[in-house]
Structures are given as C-alpha cells and as structure tokens.
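According to this note's numbering, the stretch in the sequence shown is residues 33 to 447, in order.
Every residue, glycine too, gets a C-beta built ideally from N, C-alpha and C.
What follows is a set of notes on a single structure, which appears directly below.
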Amino acid sequence: MFMNHVKYFSLPFSLLTAPTIALTTALAVFFTAAVFAATEAEISVASAISQEESILDLDQFRSAEAVYADVSHPETIDKDVTWERSDNVAPLFSPAYLNGGTYSEGWDFVFDFDDGTIISAQIVVSNFGSGNHRMLVLVKLTEPSGREVTLKNGRGRSDWFKHEDEFDYQIAQHHFWKDGDTFYFRFSHPSGDINLVAESITEPLNLGVVWSGAKAGYQYVNIFAPRMMVSGQYRIKDEDSGIVQAYQTLGHGVGHGLRHITSSAMGEASRAWLRAFASGSSSNNELSPIIDMRQLKNGRTKANVRLLDAKGSVIDDLSFETESSLLEDSRADCCSVIALNAAGTGNLDGTISLDKQVQKFDVVDELKPFERFFVRMFKTPISARFRLSYDLTYTANGTSVHLIGQGLADLMTLK
C-alpha cells in the first residue's frame with residue numbers, strides 16, 4: 033500500500049481546521065487526522081436545540097433506502113476534474129482531486145446524542161499510499177459506558193464510487209448521500225452497523241483559505257452545516273462469533289459537518305490544533321461559541337471564537353492570545369482549562385475546560401505492521417475528543433450576556 037514512503041512526509045486529517053476555525057483516519061485519515069489535523073483549526077457548532085423540537089424519524093431513512101434500492105446509480109459520473117485554487121470557489125461536495133503527494137481532503141461529521149453517545153464519521157480522499165485519490169472512511173461510536181465500535185474501510189479510486197448527485201458515495205458496504213439539507217448515512221462493517229439521518233438547520237459558514245504557506249501550500253475549510261439535528265440506530269456485531277445484537281435507537285442528537293482541503297503536509301500548517309463546538313444550550317438559549325485554536329509551525333498561536341445566535345448566524349468574530357505551548361502540553365490530555373480574553377466587535381471573557389477525554393485516534397495504530405515501520409519515521413497526528421464546558425461573558429454595546437454550556441472539543445497533536 034505504501035510503496036513510496038516519501039508520501040508519508042506529511043501525514044494529516046481533520047482534527048480541526050485552521051487559523052480561523054478551520055473547524056475529526058489512516059493515511060488519508062491523516063487529513064482526517066488532518067481535519068484532525070491539517071487544514072483545520074476550526075470548530076463547528078451544534079447547539080441550542082430545544083427538547084420540544086421534533087426528532088428526525090428513522091422512517092425517513094428506511095423510505096430513502098427503499099427508493100435508492102430501486103435507483104440505478106451510474107458508477108462514476110464524476111469525471112475526476114482537478115480543482116484549481118485559482119477557480120476561487122472550491123467544490124463543496126465533490127472531491128477536488130488534487131495531484132500533490134501529500135494532499136488530502138474530505139468531510140467531517142460529529143454527532144452528540146442526549147444519552148451521551150458520540151459518533152464521529154470522517155470521509156477522506158488523499159494521495160497517501162500506492163495510488164492517487166484513495167478514499168478512507170473512519171466511523172467511531174462511543175457509548176456512555178466507554179465501549180467503542182470502530183468501522184473503517186479504505187479503497188483505491190477504482191473501488192469507490194461517486195454517483196451523479198452532488199453528495200452520493202459508496203465504498204465497501206458504506207453508502208452516504210444527501211437530499212436537500214438532509215444527509216443519510218448507512219455504515220456497515222463486520223463490527224457493526226450504524227444508520228443515521230441528519231438535517232442541516234443553519235446556513236453554511238465558509239471560512240475559505242484559512243492557511244497559506246510556502247510553495248503555494250494552503251488549507252480550505254467550509255463548515256457547510258454548523259448545526260445539524262440527527263437521529264439514528266446502531267447494532268454491534270461480533271466478528272469472531274458472528275453474534276449480531278439487536279438495533280438500539282439513538283435519541284435526539286446535534287452535530288456539525290465540515291469540509292476541508294489541504295494541498296500539503298499537515299505539519300506545515302500546524303503543530304497542534306483545537307476545535308470546539310457547543311452541543312448543549314447556553315444559559316439564555318441564544319448564543320453559542322465555535323472555538324478554533326492552532327499552534328503554527330513557527331510556534332505562534334492563532335485563536336478565534338465565532339459567536340452564533342439561535343438561527344446560526346455569526347454575530348461576532350473574535351480573536352485572542354493564549355499560551356503558545358498549551359496545545360502541545362501534556363496538560364491538554366485531560367482536564368485543562370483555557371482562559372479566554374477575546375476581542376472583536378465586542379469582548380468575550382471566561383474559560384473553556386476540557387473535562388473528559390471520550391475518544392482517541394492514533395492513525396498509526398490503524399496501519400499494518402509493514403506500514404507502521406515507515407510511518408513512524410515521521411511526525412504523525414493523534415486526535416482526541418473531549419467533553420467540554422464553557423463559562424463565558426460576552427459584552428457588546430454596553431450589554432453583557434453570560435454563556436454557560438457544554439460541548440465537544442477535538443484536539444490534534446503530532447507524535
């Protein structure tokens with residue numbers, strides 16, 4: 033798979049996206065580890081949805097599947113046209129198909145359910161490995177008890193399919209697509225099955241090119257769904273015994289969706305990157321933060337907070353200073369407190385606390401021994417997700433609003 037180990041030089045995904053909220057799989061995961069990692073320093077929000085709001089009905093998923101079963105999907109209608117940055121507007125739901133050996137791109141979804149279940153789904157396309165434009169899908173489901181199920185598959189370009197609709201993909205036994213503002217996910221693997229229906233309820237937040245570096249390297253980020261509400265079901269399967277548990281219904285959930293493209297190695301863009309988003313309601317049920325912090329290669333830290341109102345509109349874009357080594361410090365592993373003193377149109381003061389680590393992903397652990405031998409020669413990304421709490425005061429035009437809430441934080445560091 034990795035015949036050319038030079039391609040490992042960058043190892044990125046998604047852990048967060050870049051200087052401005054550049055808002056989490058395997059080498060391609062490296063962008064996963066680079067949306068856990070590269071491009072991202074960003075943070076998306078999913079918040080303030082009242083308990084009275086209706087939960088998406090799983091019948092939507094079942095009826096959609098019935099329709100899709102009867103539809104003929106031409107296998108590769110997309111012509112793999114490479115996007116050029118000079119074209120300005122990047123493709124939102126089609127791959128950019130860049131040519132660089134360390135490029136990676138993809139879509140990142142994170143969902144937080146009322147019962148404490150967390151599901152993250154990362155879909156990555158990259159040139160890591162022996163061929164170009166390989167796709168990797170990494171899905172992690174973590175139960176409140178801490179039990180975790182991982183569903184992952186990777187395929188070369190000839191073995192994954194993009195259908196004619198703007199977001200309609202199949203790889204291995206996974207199928208994910210969208211219809212209007214509603215996304216459908218059918219993840220199937222020997223370790224389990226996860227079916228989700230997620231609806232975007234806010235306007236996209238296009239961050240654009242959030243980092244530009246030497247040799248025309250750049251990262252592009254679009255939080256195409258700052259807030260989503262989601263419902264679904266899952267079942268766990270035992271690969272050894274063949275025992276399949278009954279489906280469990282997931283209750284009300286909130287989440288976000290993020291698009292990222294990075295043309296170069298993750299380590300070029302940042303040494304650490306934190307994104308955080310609200311998944312609970314603030315005290316006044318009106319404002320919620322999207323937090324983005326990135327430690328750059330030169331040691332400087334860029335940090336931003338975007339405040340969203342109840343409709344998902346950005347009411348203020350604030351920046352702040354923080355300890356340059358904080359994100360790489362061992363204190364960030366758990367229970368660290370980050371002080372905020374951010375300025376924009378108004379001012380935001382208070383603290384953000386990483387209270388409990390709930391997911392961790394080391395891309396190298398997902399590789400075969402032969403692959404690990406080469407990859408360990410380079411810095412590789414590790415992604416960790418935390419339960420987050422925040423206590424903030426926003427002051428603008430002589431009026432102060434106290435914001436108290438919970439959420440999730442995603443931290444990428446290099447190993």
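Residues near residue i by beta carbon distance below 7 Å, same chain, minus five either side
i	result
Gly148	Pro176
Tyr250	Arg117, Val241, Trp243, Ser244 and Ser295
Asp204	Note that residue 204 is Ala in the sequence shown here, rather than Asp. Excluding sequence neighbours, Ala204 sits near Asn185 and Arg187.
Leu124	Asn254, Phe256 and Arg291
Thr427	Gly378 and Asn379
Phe199	Phe125, Trp209 and Lys210
Asn373	Phe352 and Asp381
Thr281	Gln265
Own chain, CB closer than 6 Å to residue i, minus 5 neighbours either side, in chain order
i	result
Asp225	Arg267
Arg218	His207 and Asn227
Asp387	Arg419 and Ser421
Whole-number beta carbon distance between residue j and residue i, since they are thought to touch under 8 Å
i	j	result
Gly287	Val142	5 Å
Ser296	Thr134	6 Å
Ala310	Pro321	6 Å
Ser368	Ser421	That belief does not hold up - the Cβ atoms of Ser368 and Ser421 are roughly 12 Å apart, past 8 Å.
Gln154	Gly132	Not a contact, Cβ separation roughly 20 Å.
Phe145	Gly283	6 Å
His165	Arg189	4 Å
Val181	Ser232	Not really, about 25 Å apart at Cβ, beyond 8 Å.
Leu202	Phe193	The displayed chain sequence assigns Gln, not Leu, to residue 202. About 5 Å separates the two Cβ atoms, so the contact holds.
Ala230	Val276	Actually they are not in contact, since the Cβ atoms of Ala230 and Val276 sit about 24 Å apart, beyond 8 Å.
Same chain, Cβ closer than 8 Å to residue i, neighbours up to 5 away in sequence not counted
i	result
Asn429	Gly378
Lys392	Ile414, Ser415, Ala416 and Arg417
Tyr100	Legend: pLDDT at Tyr100 = 45, less than 50; position of this residue unreliable, value from coordinates given subsequently. So the qualifying residues of the chain are His207 and Trp209.
Thr425	Leu380, Asp381, Gly382, Ser432, Val433, His434 and Leu435
Asp112	Pro127, Tyr129, His165 and Arg189
Val103	In this prediction, Val103 has a pLDDT of 45, which is less than 50 and means its spatial position is unreliable; nothing more can be read from the coordinates.
Asp341	Glu318, Leu319 and Ile347
Limits of the beta strand (DSSP E) - the one that residue i falls within
i	result
Lys172	Arg166 to Thr174
Val433	Thr431 to Leu446
Gly163	Unbroken run through Gly163: none, as it is neither H nor E.
Lys194	Trp192 to Lys194
Gly148	Taken as a continuous stretch (DSSP letters only), Gly148 belongs to no beta strand (DSSP E), as it is neither H nor E.
Asn373	Val369 to Ala375
Ser345	Unbroken run through Ser345: none, as it is neither H nor E.
Asp423	Pro413 to Ala428
Val390	Asn379 to Asp394
Cross-strand partners of residue i (DSSP beta bridge)
i	result
Met186	Going by the sequence as given, residue 186 is Gly instead of Met. According to DSSP, Gly186 bridges with Leu168.
Thr125	The sequence shown places Phe at residue 125, not Thr. Per DSSP, none; premise fails for Phe125.
Trp209	Asp200 and Tyr216
Glu137	Val157 and Ile293
Glu180	Thr174
Leu350	Val337
Check your understanding: Which whole runs of the beta strand (DSSP E) in the stretch 212-258 are 3 residues long or more, in chain order?
Key -> 214-221, 224-232 and 237-244
- Those runs of the beta strand (DSSP E) which lie wholly inside the stretch 257-340 and span at least 3 residues: 280-294, 304-310, 320-327 and 333-340
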